[in-house]
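Peer 1:
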Amino acid sequence: MTRKTLGIIVAALALFAMAAVFSLYGLRPGVSSDHADSPAVLARPGADLTDVYVFPAPDNDDNVVLAVDAHPLIPAGMGPQTFFDPGVMYQFKIDNDGSHVEDLVIQLKASAPKDGAQTLTLYGPGKPNMTGTSSTWIEPTGTFAYNKASALKGGIKVFAGPREDPFFFDLARFFEIVPDRNFGNHGPGKTVPPPSATGFRGFAAASGCDTTPAQDFLSANKFNVLSFVIELPRSMLSPNKGKINVWASASVKDTGSPYGAAYTQIERLARPAVKEAFEAFDQHDATNRSAPTNDPALADAIVDFTKKVAGRSDATAAVLKAVLIPDELSADLSQENVKAAYLGSETGGATGSKFGGRGLSDDVIDISLGAIFGTTVSALKLAPDDGKESKCLTSDNIDASGHRFLGYFPYVGKPN
Amino acid sequence: MNGRTLLACAAVALAAIAAWPSYYSHRTAAEASLPTPAPVTADYLNRDRIVTIFENDVRRNPDQIITRMLASEYLKRYRETGDVSDLLRAEHVAARSLALQPRFNLPGEMTMASAELSLHQFHRALAHARIAMQIEPWNSAAIAQAAGVETELGNYPEADRLLRSAHPGPITDANLDSALARYDEITGQVAQARELIQRALVVTDSIIDNPAEARAWYHFRDGELAWSTGDLDGAERRFNEALAIFPNYARAYNALARLYWGEQRWPQALDAATRAADLIPLPETLGYKADALRALGDARDAQVTQDLIVAIERIGNASGLNDRALAIYYCEHHLRLREAITIAQRDLKLRDDVFAEDTLAWAFAANGRWSEAEVAARKAIRYDTEDSRLQYHAGVIALHVGRRREAERRLRRALELNPQFHPLYAADARRLLASL
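Given below as structure tokens:
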């Protein structure tokens, strides 16, 4: 195996192993004997956040929609029997002044399920009692029922319940390309065996890449997630309808906290696949437990990975770091009558619109693959072409066609 | 599962879930500061349905991910029902996942190791557990699994080395704690083992998505440890907690049967053993049932039950899963004594742990082969395991080979640990001590 091939394999291995991917571990070893993107969320699927979305409401452009999915891999038909974890504080954190520190929070609390029902309480949007990785409940806004779209005061719409997992990716092929997603395992003296595939599938006949059909693991097997979706006037998140930066977190009660009833963050998620793409798996927990502004690992990991593993130029690595740090979904609320476009706010609209955020049908995997393995960075004239693209890794050739998004609130497809 | 059975299970589950908070009203002040237990999710009621969904998925899209997820569901169902055919299904499907992704398939390796461990294919389980550990050397669940297999094989120094190499993160790792507890239990540190299991229990109970059987297992394990050190009330409470969380938990009924059997509370022993045997007819369970029937004067049904144990040896002992319990039953009831040695030797070949040595020691003793019994007993007791039965066996054997001080020490230790560890042997230990 050449050094370049090895680099590509190793690069791909660490690339977007989604939270859902890691949820596949889940085992009690031995006589008794379960994995998410860190040991903490592996042990607690209800706190395992899989994707975050920020997009203009399709049926009311005055509103913006925030959605976060949790609890991956709920089998078809099991959605209504899966509940939000009552021990978890679910939060959206919103920075609206460019400081990358939350100015507003939206919190969700779940009751203990009873007779197949659960009551959710929404807190905020409001100023947090504290910033960072410890949190306490702010003033409640209202309560609503599990699995029922509801309206609360202030023109807020909320939904919390099972939905079809909206994420799409050729996961099985990913594992064939990147059998060892933990690139931390690679190093001097270690031998990485050849993978059973060196690129994604589903390419056109004359491409020189694999032409066998690609398959979306999640939609093919009809998996569901628990979705928390909130739609609210743009002005509630940014009085001047300016840029906001959004991330989601899951926190659990910390009995040892000096704040008494404080919750401690064990999961943080914003851009899809960033943490998973660039960091060694054993670093995820530290990132999950940090704020975007004091992440101990991610920035260096992006540069190291892009240069040393993916083999790209210093300039390409620097661009990726500048775009992806801090890890937040950036959305420009001044952009009206346009759709969301992942990384659009950061790239001047190069991915579709300057709104940015992330829409349900945005092909975030192809955008990410293009940036790391393709010519996206050089095409945008953000860095010179380094000539080190890997064509067969630039797309997984899966789009959103396997999903059934709704044209009305809560927009995420009905559960399988 | 037919509709009536499903309804019955659902009713029992709902009753148990409703009863669950009452158990926690008895929490101690120290326990009250711990995380609140989450409501129990009766996931086991959906197991057959989930298995069917994944079986259909595997037929349509047989990739390496969905196959290992199916294997994992088979394992869960095995733990819930004791149906060994689900272990064979899990092993078969995990093998398909590993064939589809032969390298770096950590979940596939761990699923396979779990299935093989439960099938008593210890060395094959260890090979897969070690591959999993090589894939993610920092993964404490993988380390715990490998250490667990080493422990079952009796490779205690290696198990110790692996467990010391694990670096738990900022959260309690229930997998690691349970493996550490097993090691501590065997090496004579039951109090420390209980602390670990209780810590894991609290964490496991605080998470709503944990399978009911998995939650019940930690209560069952703490009950086992309580029983082994004579905390009979604590053990009974834990076993009943396990049943409140996961009704029809054969392990908990079996453990209750053993507890009542040791206390010679025969009607309760018969009831618990009958419930356990109706779920999973293990030789050990049937042994408690036969003894209880005999003690209650029902010699005919006792004989029928004993005949069933022999029948299981001949036709229902796949992979030798029941070897240890069969050998012990035969020895204690002076039945098929030569076969008991053969069975114990077969078990020892599979795993040379302290319990296999103890079983062989007692089989030799039952056949009057005291010098061979002594050799095995010395190995069985080399970690001074806090298990009354091991201590008693070693004491009796020491007495027969003329080591009176050792006999006295072991017999006294057996009674100190659990004065009611056995309906006959506890009294016998007292009698022998009095004669020394």
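Protein chains in written order, with my numbering: chain A, 1 to 416; chain B, 1001 to 1436. The beta-carbon is built from N, C-alpha and C at its ideal position, and this holds for glycine as well.
Would you mind reading off the limits of the beta strand (DSSP E) that contains A67/A?
Peer 2: Along the first sequence, one-based indexing puts residue 67/A at 67. Run containing A67/A: 63-74, per the beta strand (DSSP E) assignment.
Peer 1: Evaluate A1426/B with the Cβ neighbour count: other Cβ atoms within 10 Å of its Cβ, from every protein chain shown; 16 or more gives buried, anything less gives exposed.
Peer 2: Residue 1426/B sits at position 426 when you count from the first residue of the second sequence. The residue is buried, with at least 16 neighbouring Cβ atoms inside 10 Å.
Peer 1: Note the first and the last residue of the continuous alpha helix (DSSP H) segment covering Y1253/B.
Peer 2: Taking the first residue of the second sequence as position 1, residue 1253/B is located at position 253. Y1253/B -> alpha helix (DSSP H) spans 1250-1262.
Peer 1: Can you tell me whether L1225/B is buried or exposed, with buried defined as 16 or more other CB within 10 angstroms of its CB?
Peer 2: Taking the second sequence and counting its residues from 1, the one referred to as residue 1225/B is at position 225. The residue in question, L1225/B, is buried, as its Cβ has 16 or more Cβ neighbours within 10 Å.
Peer 1: Can you list the beta strand (DSSP E) stretches of 3 or more residues lying completely in the region 72-137 of chain A, in chain order?
Peer 2: Taking only runs of at least 3 residues, the beta strand (DSSP E) segments lying wholly in the region 72-137 of chain A are 88-95, 104-110, 119-126.
Peer 1: What is the DSSP secondary structure of R1351/B, counted as helix, strand or coil?
Peer 2: As a working mapping, residue 1351/B is identified with position 351 in the second sequence. If DSSP states are grouped into helix, strand and coil, R1351/B belongs with coil.
Peer 1: Using three-state DSSP, classify N224/A as helix, strand or coil.
Peer 2: The residue you call residue 224/A lines up with position 224 of the first sequence. Three-state DSSP puts N224/A in a strand.
Peer 1: Which residue from G1230/B, D1209/B, R1194/B, T1229/B puts its Cα closest to that of H1219/B?
Peer 2: The sequence position of residue 1219/B within the second sequence is 219, counting from 1. Ranking the options by Cα distance to H1219/B, first place goes to R1194/B.
Peer 1: Relative to the alpha-carbon of L237/A, which residue among G349/A, W137/A, R163/A, N96/A has its alpha-carbon at the smallest distance?
Peer 2: Position 237 of the first sequence holds residue 237/A. Selected option, being the one with the closest Cα: N96/A.
Peer 1: Measuring alpha carbon to alpha carbon, tell me which of H1400/B, R1324/B, D1387/B, D1043/B ends up nearest D1231/B.
Peer 2: Sequence index remark: in the second sequence, residue 1231/B carries index 231 (1-based). D1231/B has its Cα closest to that of D1387/B, out of H1400/B, R1324/B, D1387/B, D1043/B.
Peer 1: Can you give me, in chain order, the residues of the region 210-222 of chain A that have a beta carbon less than 7 Å from any beta carbon in chain B?
Peer 2: Those residues of the region 210-222 of chain A that come within reach of chain B (Cβ to Cβ, closer than 7 Å) are Q215, F217, A220, N221.
Peer 1: According to the neighbour-count rule (16 or more other Cβ atoms, all chains shown, within 10 Å of its Cβ), is S32/A buried or exposed?
Peer 2: For this step, residue 32/A is matched to residue 32 along the first sequence. With a pLDDT of 21 at S32/A, under the threshold of 50, the predicted position of this residue should be treated as unreliable, and no value is reported.
Peer 1: Which residues of chain A have a Cβ atom closer than 8 Å to the Cβ of I1065/B, listed in chain order?
Peer 2: Stepping through the second sequence from its first residue, residue 1065/B is reached at position 65. Near I1065/B (Cβ distances below 8 Å), the residues of chain A are L24, L171, A172, F175, F217.
Peer 1: Quick check on this structure: which residue in N1139/B, A1095/B, S1140/B, Q1306/B has the alpha carbon closest to the alpha carbon of H1333/B?
Peer 2: Here residue 1333/B corresponds to residue number 333 of the second sequence, with the count starting at 1. Ranking N1139/B, A1095/B, S1140/B, Q1306/B by Cα distance to H1333/B puts Q1306/B first.
Peer 1: Below 8 Å between beta carbons: does that hold for G1108/B and L1119/B?
Peer 2: By 1-based counting over the second sequence, the position of residue 1108/B is 108. By 1-based counting over the second sequence, the position of residue 1119/B is 119. No.
Peer 1: Could you pull out every residue in the same chain whose Cβ sits closer than 8 Å to the Cβ of A1398/B, ignoring the five residues on either side in sequence?
Peer 2: Here the question's residue 1398/B lines up with position 398 in the second sequence. Hits under 8 Å: E1374, A1377, R1404, E1406, A1407, R1410.
Peer 1: Since D332/A sits in a beta bridge, which residues does DSSP pair it with?
Peer 2: Against the first sequence, residue 332/A aligns to sequence position 332. Its beta-bridge partners are K243/A.
Peer 1: Can you find a C-beta in chain B that's less than 8 Å from the C-beta of A76/A?
Peer 2: Here the question's residue 76/A lines up with position 76 in the first sequence. Answer yes: the Cβ-Cβ gap between A76/A and chain B drops below 8 Å somewhere.
Peer 1: Over the uninterrupted alpha helix (DSSP H) stretch that includes D1301/B, give me the two end residues.
Peer 2: Along the second sequence, read from residue 1 onward, the residue named residue 1301/B stands at position 301. Counting along the chain, the alpha helix (DSSP H) containing D1301/B begins and ends at 1299-1315.
Peer 1: Would D115/A be called buried (16 or more neighbouring beta carbons within 10 Å of its own) or exposed?
Peer 2: For the purposes of this step, residue 115/A is identified with residue 115 of the first sequence, where counting begins at 1. Classification of D115/A: exposed, given that the 10 Å Cβ count is below 16.
Peer 1: Using 8 Å for Cβ pairs, my map puts V246/A next to A331/A. What's the rounded Cβ distance?
Peer 2: Translated into positions along the first sequence, residue 246/A becomes position 246. Translated into positions along the first sequence, residue 331/A becomes position 331. Yes, V246/A and A331/A are in contact; Cβ-Cβ is about 7 Å, under 8 Å.
Peer 1: Under the three-state reduction of DSSP, which class applies to R1221/B: helix, strand or coil?
Peer 2: Taking the first residue of the second sequence as position 1, residue 1221/B is located at position 221. It is helical.
Peer 1: In its own chain, which residues sit with a C-beta less than 7 Å from the C-beta of G187/A, not counting the 5 before and 5 after it?
Peer 2: Start at 1 with the first residue of the first sequence, and residue 187/A comes out as number 187. For G187/A, the pLDDT reaches just 49, beneath the cut-off of 50, and the residue's location in the model is therefore unreliable, leaving the point undetermined.
Peer 1: Please list the terminal residues of the continuous beta strand (DSSP E) segment that includes R163/A.
Peer 2: Reading the first sequence from its first residue, position 163 is the one you call residue 163/A. Counting along the chain, the beta strand (DSSP E) containing R163/A begins and ends at 156-164.
Peer 1: So with CB distances below 7 Å, who are the chain A contacts of A1038/B?
Peer 2: Here residue 1038/B refers to the residue found at position 38 of the second sequence. The contacting residues are P86, G87.
Peer 1: Applying a beta-carbon distance threshold of less than 7 Å, which residues of chain A neighbour R1089/B?
Peer 2: On the second sequence, residue 1089/B is found 89 positions in, with the first residue counted as 1. Ordered by position in chain A, no residue passes the 7 Å Cβ test against R1089/B, which lies about 16 Å from the chain.
Peer 1: Which residues in chain A have a C-beta closer than 9 Å to the C-beta of F1054/B? List them in chain order.
Peer 2: The count along the second sequence starts at 1 and reaches residue 1054/B at position 54. Simply P75, N221.
Peer 1: Please report the Cβ distance between H1128/B and A1147/B, rounded to the nearest whole angstrom; I am assuming they are in contact, meaning their Cβ atoms lie under 8 Å.
Peer 2: The sequence position of residue 1128/B within the second sequence is 128, counting from 1. The sequence position of residue 1147/B within the second sequence is 147, counting from 1. Going by Cβ atoms, the distance from H1128/B to A1147/B rounds to 14 Å, so no, they are not a contact pair.
Peer 1: Which of the three DSSP states is assigned to G311/A in this structure?
Peer 2: Taking the first sequence and counting its residues from 1, one reaches residue 311/A at position 311. Coil.
Peer 1: Suppose you measure from the CA of V1149/B to the CA of S345/A; what does that come to, to the nearest Å?
Peer 2: In the second sequence, residue 1149/B corresponds to position 149, counting from 1. In the first sequence, residue 345/A corresponds to position 345, counting from 1. Cα to Cα, V1149/B sits roughly 52 Å from S345/A.
Peer 1: Looking at C-beta atoms only, is the number of pairs between the region 92-108 of chain A and the region 116-133 of chain A that lie closer than 8 Å three or more?
Peer 2: They touch, by the three-pair rule.
Peer 1: I need the boundaries of the alpha helix (DSSP H) containing A1394/B, first residue and last residue.
Peer 2: For the purposes of this step, residue 1394/B is identified with residue 394 of the second sequence, where counting begins at 1. Looking at the DSSP string, the run of the alpha helix (DSSP H) that includes A1394/B is 1388-1400.
Peer 1: Could you check where the beta strand (DSSP E) with P1107/B kicks off and where it finishes?
Peer 2: Start at 1 with the first residue of the second sequence, and residue 1107/B comes out as number 107. Not the beta strand (DSSP E): P1107/B falls in the alpha helix (DSSP H), residues 1106-1118.
Peer 1: Can you list the residues of chain A that W1227/B reaches, using a CB-CB cut of under 7 Å?
Peer 2: In the second sequence, residue 1227/B corresponds to position 227, counting from 1. Within chain A, no residue comes near W1227/B; the closest Cβ sits about 17 Å away, beyond 7 Å.
Peer 1: Quick one, are the C-beta atoms of A1380/B and V1354/B less than 8 Å apart?
Peer 2: As a first step, residue 1380/B must be located in the second sequence, where it is residue number 380. As a first step, residue 1354/B must be located in the second sequence, where it is residue number 354. Going by C-beta atoms, A1380/B is nearer than 8 Å to V1354/B.
Peer 1: Less than 8 Å between the beta carbons of D69/A and V252/A, yes or no?
Peer 2: As a first step, residue 69/A must be located in the first sequence, where it is residue number 69. As a first step, residue 252/A must be located in the first sequence, where it is residue number 252. No.
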